[in-house]
Amino acid sequence: FSTSQWNYQFYQNWDAYKKGFGDLNDDFWLGNEKLYYLTNQTGYTLRFDVITLGGDQKYASYTEYQIESESNKHRLNKLGSHGGTTGWRIYNNWGKAFSTYDRDNDDCDAFNCANRHRSGWWHSDHWCATCDNNNGYCDQFHVSGSCHSVCTSDNLNGDYNGVGGENVFSNHNAYCSLNFTEMKIRPS
Numbered sequence: 264f265s266t267s268q269w270n271y272q273f274y275q276n277w278d279a280y281k282k283g284f285g286d287l288n289d290d291f292w293l294g295n296e297k298l299y300y301l302t303n304q305t306g307y308t309l310r311f312d313v314i315t316l317g318g319d320q321k322y323a324s325y326t327e328y329q330i331e332s333e334s335n336k337h338r339l340n341k342l343g344s345h346g347g348t349t350g351w352r353i354y355n356n357w358g359k360a361f362s363t364y365d366r367d368n369d370d371c372d373a374f375n376c377a378n379r380h381r382s383g384w385w386h387s388d389h390w391c392a393t394c395d396n397n398n399g400y401c402d403q404f405h406v407s408g409s410c411h412s413v414c415t416s417d418n419l420n421g422d423y424n425g426v427g428g429e430n431v432f433s434n435h436n437a438y439c440s441l442n443f444t445e446m447k448i449r450p451s
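Each residue of the sequence shown is one higher than the one before, counting from 264 in the numbering used here.
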């Protein structure tokens, strides 16, 4: 997928994520059925390229990537060794089913993570809207003295506090808003 101008809304239903949507020259999601077909034919690697609002370019790469079929909820099946310049990893998302606002497949009992984040993704119950004070959930996904939302390390294509721009954990142990994200696969 690619989100460069944040012109396309990633708050889509299951069928849209299954088939794919957007403009291949701008913001788009290839489609989970296509990803399933491709990643189950031969080995694939995965790479995320991101640019922060401050202009820093970073990447995360994985030596393997495979998702399962729709009957298995497009579960993130394989994720190889991590490399790159970000501290961000999606290991917490490995083994998780894909969720959308109309198909709540995450392990979070309190709410639908895809609806809360306004995106489809392999949402992790561990990182979906947890507060560091253990007193509940962060409704606005903001950082304050009493509640720090780490949900934003969960996905790259959703809203953060109602604006187009996702946060990702960096090597500097801080969250930084992103201006551009791109997820790419290629045969290994």
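No residue lacks a Cβ here, since even glycine has one placed at the ideal position from N, Cα and C.
Values in this document were obtained by computation on a predicted structure and should not be read as measured data.
Buried/exposed call for residue i, threshold 16 Cβ in 10 Å
i, result
"tryptophan 292", "buried"
"methionine 446", "buried"
"glutamine 304", "exposed"
"valine 426", "Caution applies to valine 426, whose pLDDT of 39 falls short of 50 and renders its modelled position unreliable; the model cannot decide the point."
"lysine 321", "buried"
"alanine 373", "exposed"
"lysine 281", "buried"
"proline 450", "exposed"
"glycine 317", "exposed"
"aspartate 290", "buried"
"tyrosine 306", "A small fix is needed here, since residue 306 is glycine in this sequence, not tyrosine. Per the 10 Å Cβ criterion, exposed."
"cysteine 401", "Because the pLDDT at cysteine 401 is just 34, under 50, the model does not fix this residue reliably, and the value given afterwards should be weighed accordingly. The residue in question, cysteine 401, is buried, as its Cβ has 16 or more Cβ neighbours within 10 Å."
"lysine 297", "exposed"
"aspartate 395", "Only weak support exists for where aspartate 395 lies, its pLDDT of 27 falling under 50; the value from the coordinates is given anyway. Classification of aspartate 395: exposed, given that the 10 Å Cβ count is below 16."
Proximity of residue i and residue j at Cβ, strictly below 8 Å
i, j, result
"serine 387", "lysine 359", "yes"
"threonine 348", "tyrosine 328", "no"
"histidine 337", "alanine 323", "no"
"serine 362", "asparagine 356", "no"
"glycine 343", "threonine 326", "yes"
Where the alpha helix (DSSP H) through residue i begins and ends
i, result
"alanine 323", "First-last for alanine 323: 320 to 325, but that is the beta strand (DSSP E), not the alpha helix (DSSP H)."
"histidine 380", "376 to 380"
"leucine 339", "Element bounds for leucine 339: not the alpha helix (DSSP H) but the beta strand (DSSP E), 339 to 342."
Bridge-paired residues (DSSP) for residue i
i, result
"aspartate 312", "Tyr322 and Glu445"
"tryptophan 292", "Phe284"
"tryptophan 384", "Ser362"
Inter-residue CB distance, residue i and residue j (contact presumed, cutoff 8 Å)
i, j, result
"leucine 301", "isoleucine 448", "7 Å"
"tyrosine 364", "asparagine 276", "7 Å"
Span of the beta strand (DSSP E) around residue i
i, result
"tyrosine 328", "328 to 330"
"glycine 347", "345 to 347"
The ligand MG heavy atom lying under 7 Å from the CB of residue i
i, result
"phenylalanine 284", "Absence of the ligand MG from the depicted structure is noted, as is the absence of any ligand whatsoever, leaving it without description."
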